[in-house]
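Visitor:
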Amino acid sequence: MIGLGFIIVVLFTFAYIRGTELKAQNEEKNDEEQSISLSDIKGDPEKSNSDETVMMDDIAEEADIYGNEPLSEDDELDVNKLEDFFSQEQITKATEVAESFVEAFYPYNGDRPAQHIEQASHLMSEGLYEERIQSLPRPTVDVFKKELVSISSYEPYDPNDKTMNLSVRAKGKVFNADGELTNEELVEYDLILTKKMDSFVVKSYGFVSLN
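Numbering (the numbering used here), first residue to last: 27 to 237.
The structure is reproduced here in structure tokens:
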């Protein structure tokens, strides 16, 4: 028969071996937890790089939106002006012709549909006069008469050649065939002028309603 002492030795040995295995497992688990914790503290390299890229993009975007300062006068693009091509005396004469043309040409009388053309004829080129006189505007019930209220003139933005180009805005009143006011309008004329003797005449024009 196996002695009691032998059994005690076997049980003690088994308990020692089992205890050693459990201790080793616990130490391995602790090492894994410490590794995970350290990874969290340092941050995942790929995630960190991604977050850093996004942050740098955000900073660059904010710098683009808020960091740009307005261009100084020296940085602004040069734009042409009439004075780059004409003397101040020529510009003054052309402006006087342009305003006089609109003052004579805008008013309209349905009883005499050619009157405004004749009144402005000395301010037109021969070609423009012939064109206008051959295509007289006909009065309508709603637009039978026009009266000029005021005008204003100005240079166009950035003229690109040596053409004398001016704009004139005319504010006027429109009446129907019964003499009733039907509209108050604002019309902008874009005028091309050409030299004639020591002055200018209107070579062509276009217009657009601003209301």
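Backbone N, C-alpha and C fix where the C-beta goes; we use that ideal spot for every residue, glycine too. Nothing here was measured: the structure is a model prediction, and the numbers come from that model.
Near Pro165, which residues of its chain fall below 7 Å by C-beta distance, leaving aside the five closest residues on each side in sequence?
Guide: Gly136 and Pro139
Visitor: Note the first and the last residue of the continuous alpha helix (DSSP H) segment covering Arg195.
Guide: It is not in any alpha helix (DSSP H) - Arg195 instead sits in the beta strand (DSSP E) that spans Met190 to Phe201.
Visitor: Would you call the region 151–160 and the region 171–182 touching, i.e. three or more CB-CB distances under 8 Å?
Guide: Fewer than three beta-carbon pairs drawn from the region 151–160 and the region 171–182 are found closer than 8 Å, and the two stretches are therefore not classed as touching.
Visitor: Does the separation of the CB atoms of Asn191 and Leu149 fall below 9 Å?
Guide: Here Asn191 is not near Leu149, since their CB atoms are 9 Å or more apart.
Visitor: Helix, strand or coil: how does DSSP classify Ser147 here?
Guide: Residue state, collapsed to three classes: helix.
Visitor: Give every residue of the same chain whose Cβ lies closer than 6 Å to the Cβ of Phe233, excluding the five residues on either side of it in the sequence, and list them in chain order.
Guide: Val213 and Tyr215
Visitor: Work out the CA separation of Val123 and Gln116 for me, nearest whole Å.
Guide: About 11 Å.
Visitor: How close, in whole Å, do the beta carbons of Tyr181 and Lys107 come, if the pair is a contact with beta carbons under 8 Å?
Guide: Checking the sequence, you will find Glu at residue 181 rather than Tyr. Confirmed, Cβ separation roughly 7 Å.
Visitor: For the putative contact between Val146 and Phe131, defined by C-beta atoms under 8 Å, what is the C-beta separation to the nearest angstrom?
Guide: The amino acid occupying residue 146 in the given sequence is Ala; Val does not appear at that position. Their Cβ separation, rounded to whole angstroms, is 4 Å, which keeps Ala146 and Phe131 in contact under 8 Å.
Visitor: Looking at the structure shown, is Phe131 part of a helix, part of a strand, or coil, going by DSSP?
Guide: helix
Visitor: With a Cβ-Cβ cutoff of 9 Å, do Lys172 and Val200 count as a contact?
Guide: Against a cut-off of 9 Å, the Cβ pair of Val200 and Lys172 comes out as a contact.
Visitor: Under 9 Å between C-beta atoms, does Ala124 make it to chain C?
Guide: As a matter of chain content, chain C is missing from the structure shown, which is built from one protein chain.
Visitor: Please return the same chain residues whose Cβ sits closer than 7 Å to the Cβ of Thr118, not counting the five positions on each side in sequence.
Guide: none
Visitor: By Cβ distance, which residues of its chain are closer than 8 Å to Tyr183, with the 5 residues on each side in sequence left out?
Guide: Val105
Visitor: Mind checking which residues open and close the beta strand (DSSP E) that includes Leu174?
Guide: Boundaries of the beta strand (DSSP E) around Leu174: Lys171 to Tyr180.
Visitor: Expressed to the nearest angstrom, what Euclidean distance is found between the alpha-carbon atoms of Lys188 and Thr220?
Guide: 10 Å
Visitor: Can you tell me whether Glu206 is helix, strand or coil according to DSSP?
Guide: coil
Visitor: What residues in its chain sit with their C-beta under 7 Å from that of Thr208, if we drop five residues either side in the sequence?
Guide: Listed in chain order, the non-local C-beta contacts of Thr208 below 7 Å within the same chain comprise Asp168, Val200, Phe201 and Asn202, local neighbours out to five positions each way being set aside.
Visitor: Could you tell me if Gly7 is buried or exposed, where buried requires 16 or more neighbouring beta carbons within 10 angstroms of its beta carbon?
Guide: Here the chain comprises residues numbered 27 to 237, so residue 7 is not present and cannot be evaluated.
Visitor: Could you tell me how far apart the beta carbons of Glu211 and Gly198 are, in whole angstroms, since I believe they sit closer than 8 Å?
Guide: 6 Å
Visitor: Let me make sure I understand the geometry here. Which of Ser193, Ser225 and Pro185 has the alpha-carbon closest to that of Phe111?
Guide: Pro185
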